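Participant:
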Amino acid sequence: MVTCLIGLGSNQGDRVGNLLAAIAALGEDPAISLQAVSSFVESAPVGGPAGQPNFFNGAAILATSLPAQALLTRLLDIELRLGRVRGERFGPRTIDLDLLLYGEQVIESPTLQVPHPRLRVRRFVLAPAAEIAGEMLVPALTDAEQRVSIETLCARLPDPAPSELGLRVIMSAAAMQRHVREIQLSGRRVGVVPTMGALHSGHLSLVQEARRRSDYVVATIFVNPTQFAPHEDFTKYPRTLDADLSALSAAGCQAAFVPSAEEMYPRGATTTVDPPEVALPLEGVCRPGHFRGVATIVLKLFHLIPAEVACFGQKDFQQALVIRRMVADLNVPIEVVVCPTVREADGLALSSRNRYLSAAERERALALSRALRQAEQSIQAGETESNRIVSAMRETLAAAGITSIDYVALADPETLAECSHVEGKTVALIACRVGSTRLIDNCLLDPTIDAGSAKRGAVRA
Ligand code: PAF
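Its first residue numbered 7, the sequence shown is counted upward by one per residue in our numbering.
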C-alpha cells in the first residue's frame, strides 16, 4: 500500500458539499483506504477569469494499492461524476482533485507529475495538508535538495496577507477542539455563535457582537436532530450551506464548525443534559424534549469550542434562559451574551423559518409583532391586568386569521412564571402557527418606563 496526499478544491456550486461528496466517493472506492481529511480553507482564486467565487481547499490522506496513474484516473473519474467541466485554465470548477504526493515517489510523465509541481508554493494546499500530513515527506527533486515535511514547506512561505486568511471550515470534533486550543494558546479570545444554518441578518448580528467581544469567531452550523420531535420539520429544515459560508466569511467570522450528525452523536452516545426548570413551561409544554436536545448539543459545542464568550439571540428567549441557567449550574466557563432580535422594517422578527411563508402568510405573520407592540403600548398606558393584555393580543392574532396559537403569555423574564399583574419587568411571548409554519416572538416590557423613553427593546414596525 502506498500512502498518498490528495488536494481538493471547489469554487462552483455547493463548494463544501462538493468536497464532501468527493471525499465520500474516495471512501467508497474499495481500492482506496481513506486515512484523514483536513479542514477546508477558503482562498481567493489564483489566475483564471476575474470575479469568480473563492475556493474552498482541503487535503486528504489515503492508502492505496493502485499504481499512481490508475489512482489519477480514479480522481479524474470522481471529478467527472461531480460535474467538473474542463474549460478555461484556472477557471471555476465544481471540483478539482490533485494527486500531491504518491508515497515518496517522483513521477515525471506527460500526464502526471508527483510531487505536484505547485505544491511548494501554494499556501491554500499546504496549510490544510499540514494539519494531517504528520510524518509524510516531500521527496527532493534535485541532488541539492532534502526531503522535507509539509509543515516545514508551509512555514517557509511568507506570512499570509490578511486577504489570504479566509474562512476555515472544520468538520471533525477533534480538529475543532485542537484548533481552538491553538488559537487560545496564541493569546486570542474566542467567541462562538451556535446556529443551525439558513443564516439571516439576525445570525450575522450575533457574529458582529462576537467579533466585538473576542479576537476569533467560530460559528457552528448543525441542524441538531435531537431538538426536533418526530412530527417536526427536521428533514425539511432549510439547509443553505454554501450561502451560509459566504455570509459568515463576509461578516468576518474566522471559522465554521460544520459537523455531521455521526460526528456529534457517535453510535452509542446516550448521555443527555437534563435541562433546568425554566425549560418546563411554554416551549417545554409544546415541544417536549426540545430543550433536552438544545441543552445537550449546546453543552457539547461548548466543550468542543471552549470559547470565552457565546452569543445567542433574544428571539429564542426561553432557549437563552435555559442556556444561561445550564452554564451557571454546570460551571461552564463561558460568558453568555443575549443579543436583540433583528426585525424587518415592518416588524417581522427574522427567522430561518420565515422562508416557508407565502406572501399572504408573511402579511399575516406581522400580527405577532403588532400584538407585542400593542401589549407594550397598553402597559405604558397603565394597564396591569395580564388577562386583559393577553386577550387583546390574542384578538390581534385572530383578526389576522391566526387561530392556531400555542401560547400568548406574560411572564417573569428570569423564571418564566406567568404573572397575573404586570408590576415589574415582564416578557411577553407568543408562539403560533401561520399556515403550517410555527413562529415565535417576544418582547421585554417594563411598566416603570414611560412611553416617551420606551425606545430600547421596543417592537417597532
Ligand atoms: O438557536 C438555534 O439555532 C439552536 O437551537 C442552537 C442553539 C444552535 C442549538 O442547536
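A virtual CB, placed ideally from N, CA and C, is assigned to each residue, including glycine. Computed from a predicted model, the values in this text were never measured in an experiment.
At 3 residues or longer, and completely inside the region 66-115: list those beta strand (DSSP E) runs for me, N to C.
Facilitator: If one requires a minimum length of 3 residues, the beta strand (DSSP E) runs lying completely within the region 66-115 are 102-108, in chain order.
Participant: Do Val-112 and Val-120 count as a contact pair if the criterion is CB distance below 8 angstroms?
Facilitator: Using a Cβ distance threshold of 8 angstroms, Val-120 and Val-112 count as a contacting pair.
Participant: Following a CB-centred definition, is Pro-200 positioned closer than 7 angstroms to any heavy atom of ligand 1?
Facilitator: yes
Participant: Let me know the secondary structure DSSP gives Gly-33 once reduced to three states.
Facilitator: helix
Participant: Which residues share a DSSP beta bridge with Gln-119?
Facilitator: According to DSSP, Gln-119 bridges with Glu-114.
Participant: Using the rule of at least 16 other Cβ atoms within 10 Å of the residue's Cβ for burial, across every protein chain shown, is Lys-461 buried or exposed?
Facilitator: Residue confidence for Lys-461 is low, a pLDDT of 49 falling below 50, so the modelled location carries little weight; the figure read from the coordinates is stated next. Lys-461 comes out exposed.
Participant: Give me the residue from Phe-318, Val-154, Ser-71, Ile-84 with the minimum Cα distance to Asp-104.
Facilitator: Ile-84
Participant: Is the region 311-322 in contact with the region 217-235, if contact means three or more CB pairs nearer than 8 angstroms?
Facilitator: yes
Participant: Taking the alpha-carbon positions, what's the Thr-443 to Ser-358 distance?
Facilitator: If you draw a straight line from the Cα of Thr-443 to the Cα of Ser-358, it is about 11 angstroms long.
Participant: By DSSP, does Asn-17 sit in helix, in strand, or in coil?
Facilitator: Coil.
Participant: Suppose the cutoff is 8 angstroms on Cβ atoms and the five residues either side in sequence are ignored; what does the same chain contact list for Ala-204 look like?
Facilitator: Tyr-243, Pro-244, Arg-245, Thr-246, Asp-250, Ser-358, Arg-361
Participant: Are there any heavy atoms of ligand 1 lying less than 7 angstroms away from the beta-carbon of Val-300, as far as the coordinates show?
Facilitator: yes
Participant: Grab me the residues of Leu-159's own chain with a C-beta within less than 7 angstroms of its C-beta, minus the 5 sequence neighbours each way, in chain order.
Facilitator: Arg-126, Leu-132, Val-144
Participant: Quick check: Arg-370 and Ile-408, are their CB atoms within less than 8 angstroms of each other?
Facilitator: yes
Participant: Residue range of the alpha helix (DSSP H) that Leu-173 falls in?
Facilitator: No alpha helix (DSSP H) holds Leu-173; DSSP gives it neither H nor E.
Participant: Between Val-2 and ligand 1, is the CB less than 7 angstroms from at least one heavy atom?
Facilitator: Since the first residue of the chain shown is 7 and the last is 467, residue 2 is not available in this structure.
Participant: Using the Cα positions of Arg-349 and Leu-40, report the straight-line distance between them to the nearest angstrom.
Facilitator: 46 angstroms
Participant: When the distance is taken between beta carbons, is Val-196 closer than 8 angstroms to Ala-257?
Facilitator: no
Participant: Considering only residues of the same chain and omitting the five flanking positions on each side of Ile-12, which have a CB-CB separation below 8 angstroms?
Facilitator: Leu-32, Ala-65, Ala-66, Ile-67, Leu-68, Leu-81, Leu-103, Asp-104, Leu-105, Leu-106
Participant: When you compare each of Asn-63, Asp-35, Leu-78 to Glu-48 by their alpha carbons, which one comes out closest?
Facilitator: Asn-63
Participant: Note the first and the last residue of the continuous beta strand (DSSP E) segment covering Pro-164.
Facilitator: First-last for Pro-164: undefined, no H or E at that position.
Participant: Helix, strand or coil: how does DSSP classify Tyr-362 here?
Facilitator: helix
Participant: Indicate whether the contact test is met: 3 or more Cβ pairs, each with one atom in the region 298-310 and one in the region 277-286, closer than 8 angstroms.
Facilitator: yes
Participant: Tell me whether Leu-305 sits in a helix, a strand or coil according to DSSP, three-state version.
Facilitator: helix
Participant: Looking only at its own chain, which residues have a Cβ that is under 6 angstroms from the Cβ of Gly-208, when we skip the five neighbours before and after it?
Facilitator: Gly-319, Val-348, Leu-356
Participant: In whole angstroms, what separates the C-alpha of Pro-231 from that of Phe-297?
Facilitator: Each residue's Cα considered, the two are about 12 angstroms apart.
Participant: Use the C-beta contact count for Asn-448: other C-beta atoms within 10 angstroms, 16 or more gives buried, fewer gives exposed.
Facilitator: buried
Participant: Look at the alpha carbon of Gly-463 and the alpha carbon of Lys-321, and state the distance between them as a whole number of angstroms.
Facilitator: Only weak support is given to the placement of Gly-463: the predicted model assigns it a pLDDT of 49, under 50, and the question is left unresolved by the model.
Participant: Quick check on the DSSP output: what are the complete beta strand (DSSP E) runs of length 3 or more inside the region 312-340, in order along the chain?
Facilitator: 315-319
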